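K.L.:
Protein chains in written order, with the working numbering: chain A, 14 to 324; chain B, 821 to 1271. Beta carbons: idealized from backbone N, C-alpha and C, even for Gly. Keep in mind that this is a model prediction, so the values were computed, not measured.
1. Applying a beta-carbon distance threshold of less than 7 angstroms, which residues of chain A neighbour residue 962 of chain B?
2. Roughly how many whole angstroms lie between the Cα atoms of residue 952 of chain B and residue 938 of chain B?
3. Check residue 320 of chain A in the structure and name its three-state DSSP category.
4. Three-state secondary structure (DSSP) at residue 1104 of chain B?
5. For residue 1193 of chain B, which three-state DSSP category applies?
6. For residue 865 of chain B, which residues in chain C fall below 7 angstroms Cβ to Cβ?
7. Where are the beta strand (DSSP E) runs, 3 residues long or more, that stay fully inside the region 187-217 of chain A, in chain order?
8. Using alpha carbons as the reference points, say which of B:1065, B:914, B:1028, B:1000 lies closest to residue 959 of chain B.
9. Would you be able to state if there are at least three C-beta pairs under 8 angstroms between the region 141-157 of chain A and the region 172-183 of chain A?
10. Do you know whose CA, among A:192, A:166, A:207, A:150, lies nearest residue 229 of chain A's CA?
11. Below 8 angstroms on C-beta distance, what does residue 134 of chain A contact in chain B?
12. Quick test of the definition: if touching needs 3 or more C-beta pairs under 8 angstroms, does the region 207-218 of chain A touch the region 101-113 of chain A?
13. Any beta carbon of chain B sitting closer than 8 angstroms to that of residue 292 of chain A?
14. Does DSSP put residue 1199 of chain B in a helix, a strand or coil?
15. In whole angstroms, what separates the C-alpha of residue 1094 of chain B from that of residue 1071 of chain B?
16. Rounded to whole angstroms, how far is the Cβ of residue 925 of chain B from the Cβ of residue 1012 of chain B, which I believe are closer than 8 angstroms?
17. Tell me whether residue 959 of chain B sits in a helix, a strand or coil according to DSSP, three-state version.
18. Are the CB atoms of residue 121 of chain A and residue 277 of chain A nearer to each other than 8 angstroms?
19. Relative to chain A, which residues along the region 1043-1054 of chain B have a C-beta separation below 7 angstroms, given in chain order?
20. So does the region 913-921 of chain B actually touch the region 1031-1050 of chain B, counting three or more Cβ pairs closer than 8 angstroms?
21. Just to make sure I have the definition right: I need the residues of chain B whose C-beta is within less than 7 angstroms of the C-beta of residue 248 of chain A. Which are they?
22. Taking residue 228 of chain A as part of the alpha helix (DSSP H), name the residues at either end of that continuous run.
23. Please tell me whether residue 1173 of chain B has its Cβ less than 8 angstroms away from any Cβ of chain A.
24. Using 8 angstroms as the threshold, is the C-beta distance between residue 1231 of chain B and residue 1220 of chain B below it?
25. Would you report the Cα separation of residue 969 of chain B and residue 956 of chain B, rounded to the nearest angstrom?
26. Is there a Cβ of chain B sitting closer than 8 angstroms to that of residue 218 of chain A, yes or no?
27. Residue 68 of chain A by DSSP, collapsed to three states: which one?
28. Residue range of the alpha helix (DSSP H) that residue 274 of chain A falls in?
29. By DSSP's criteria, residue 1011 of chain B is part of a beta bridge. Which residues make up the other side?
30. Does the distance from the C-beta atom of residue 973 of chain B to that of residue 1103 of chain B stay below 8 angstroms?
31. Residues of chain B with CB under 7 angstroms from residue 259 of chain A, in chain order?
32. So residue 270 of chain A contacts chain B; which residues on that side make the cut at Cβ distance below 8 angstroms?
33. Alpha helix (DSSP H) containing residue 103 of chain A: first to last residue?
34. Please name the residue, chosen from B:928, B:921, B:961, B:1050, that lies closest to residue 1001 of chain B on a Cα-to-Cα basis.
35. Residues of chain A with a CB under 7 angstroms from the CB of residue 969 of chain B: which are they?
36. Measure the alpha-carbon distance for residue 183 of chain A versus residue 189 of chain A and round it to whole angstroms.
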């Protein structure tokens, strides 16, 4: 029974990623099909596919020039060889170890995860989904509503934690987010909870005052529980363009981001953004969101992701 | 990571400076850099390509002004072209009787629709309107509360529909339809409808927005888009436009450091005006869209401004010289007057301008009226043929009647404008005699005449 459920879920996740694969990798495949040499036109077309998938100018030029160098060595490269060349390049740029599953051993007890990002990327939703997955793995979860700024953020999180069957720690709207974070960790320790998820208000990375506030939240958590937060996740919307890189730089500076969550990935029909981000930031993609349901959050697996490029 | 486009271009073109004309070689190289700058700003690949091709053709053979490197002049051409493409003048919401004017707000999830609705309500209140907010996003947890809280903050009523158990009625078209009736009853003249967003363009969401559109027949449909959106912006905008035929675009989150190339992509693909730019979390942070600022942003450099000004100064100096010659010869015509009027507009509102000019206090108690009279003058001139503008003496009685009809005024008003031109000519000539070399000849005198 349980196995069957798991299989259904797997299928749905595959479907979610299907658009991305059909979009980005499908275009690469069509591009090389039937080619027995790699000429300028092919490389131009590849450049277009990469750029229009938000891979970014710099990473695209990286990939193209490496392929060019290879082509210069062996002049005759057929479609299969070119495909595997592209696949290897992308895999290299993703340099990803698969992030641990939700039921794998955790670093801390409680294991504290701080979730940050700009407005509207889906932080609260991601927390709802993560809470659900950790609960499914048999772990107790405490969620802290430290987004005390946005209208109705607390109410939204209330709905999500009810669905996921997690405990919500909250204060009034407008109260000090660092104090909510502190309360949350404290209460998690008292309850001997396994996982703590802390939601924060969306903020643009250019607002230094708000970025300092994040630093303060981080410090306060560490004061209650040394080593915490054990993870700091930056949530990015998959449809974002080159500003993603600036965001990651700024958030890393104030809270030391340990991993990325790419949301709404099923919506973009491309997903090249993952490649550009991994290459330029050296921060691993941990989770991807591929749908709107509670369990449509997936541990990102670079190997399986590029496997879609296999012939 | 964004190197200054100008410095790159200057480097690439060092050896070419001093050349008299823009040639194939320096255009090709420069356009490569411009294209890269556009792509780094998330301008759509196809849009960037056709844009650089067009600028390439336009720039070829163009005369280079002295003391400016060809690359610099090219950037100026690029900038001008960008501004033109982004929409020249800004456009806002049209209000048509009978009230209420219904505004439908649509867009992807997380684009900032709900916050924008709150901001728009406040903005319109500032213009003396009485808005009603409508929560037609009936699915997202707490979306209705969010809108209601925003409504409370700006002091606007929020319309939502709950059943007898207090649950939100999940029938968006019905909520929208009833809200219009409610607005009419409570004498509200603008209805702002917030709709549900989805992660991506799916048919269920579109069907629902279309159903709302059908139910309330909005006079304005605004497509809200996150200015940080990447290459996908075009696809999304196209999908929304095909199904909804929206009337304007709203850019949100422009206070970040995104270069917002999505704006250019959307504008050039769906050909709909960008109406508002939203920045910041404060509800008061909403403004009309400024194409020039956006163009600077997309090119990604503050120094473009200085550069453009430098080139512009040369152009101005030339034009001023030509203008003086014209005035001396008594050839100042309606075409020149139109340029001056439009220049005046581009500087800012008349009342702002007037407060900068010493000794011009008189008459500024009623800036709206002055703006209106300038606008009337402009529309009268615009109703003339080019030939008439150049040679006002050919404007006979029948031409006057035609012009009056064309610009929706009385023949008397056309006569006034003709008389004003004669007076402006005389004034300018004497002003020129008094202070030789004045660059802005015309504007101040012009304003006196119009008054």
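P.N.:
Judging by the given coordinates:
1. 165, 168, 169, 172
2. 10 angstroms
3. The answer is helix: DSSP assigns residue 320 of chain A an H, G or I state.
4. coil
5. Helix at residue 1193 of chain B.
6. No chain C appears in the structure shown, which is made up of the protein chains A and B.
7. Restricting attention to beta strand (DSSP E) runs no shorter than 3 residues, the region 187-217 of chain A encloses them at 208-213, ordered along the chain.
8. B:1028
9. yes
10. A:192
11. For residue 134 of chain A, the chain B residues whose Cβ falls inside 8 angstroms of its Cβ are 930, in order along the chain.
12. no
13. Residue 292 of chain A is outside the set of residues whose beta carbon lies under 8 angstroms from a beta carbon in chain B.
14. DSSP places residue 1199 of chain B in helix when its eight states are reduced to three.
15. 7 angstroms
16. 7 angstroms
17. coil
18. no
19. For the region 1043-1054 of chain B, the residues whose beta carbon sits under 7 angstroms from a beta carbon of chain A are, in order, 1046, 1048, 1049, 1050, 1051, 1052.
20. yes
21. Per Cβ cutoff of 7 angstroms: no residues; residue 248 of chain A is ~10 angstroms from chain B at best.
22. 221-237
23. Low per-residue confidence applies at residue 1173 of chain B: pLDDT is 40, beneath 50, and the placement is therefore not dependable, though the value from the model is reported in the following sentence. Judged by the 8 angstroms Cβ criterion, residue 1173 of chain B is not in contact with chain A.
24. yes
25. Spanning the two alpha carbons is a distance of roughly 15 angstroms.
26. So, interface residue.
27. coil
28. Run containing residue 274 of chain A: none in the alpha helix (DSSP H); it sits in the beta strand (DSSP E), 272-276.
29. Paired residues: B:922, B:952.
30. Their beta carbons are under 8 angstroms apart, which means residue 973 of chain B touches residue 1103 of chain B by this criterion.
31. Simply 1077.
32. Residues of chain B passing the Cβ test: none, with the nearest at roughly 17 angstroms.
33. 92-107
34. B:921
35. 164, 165
36. 11 angstroms
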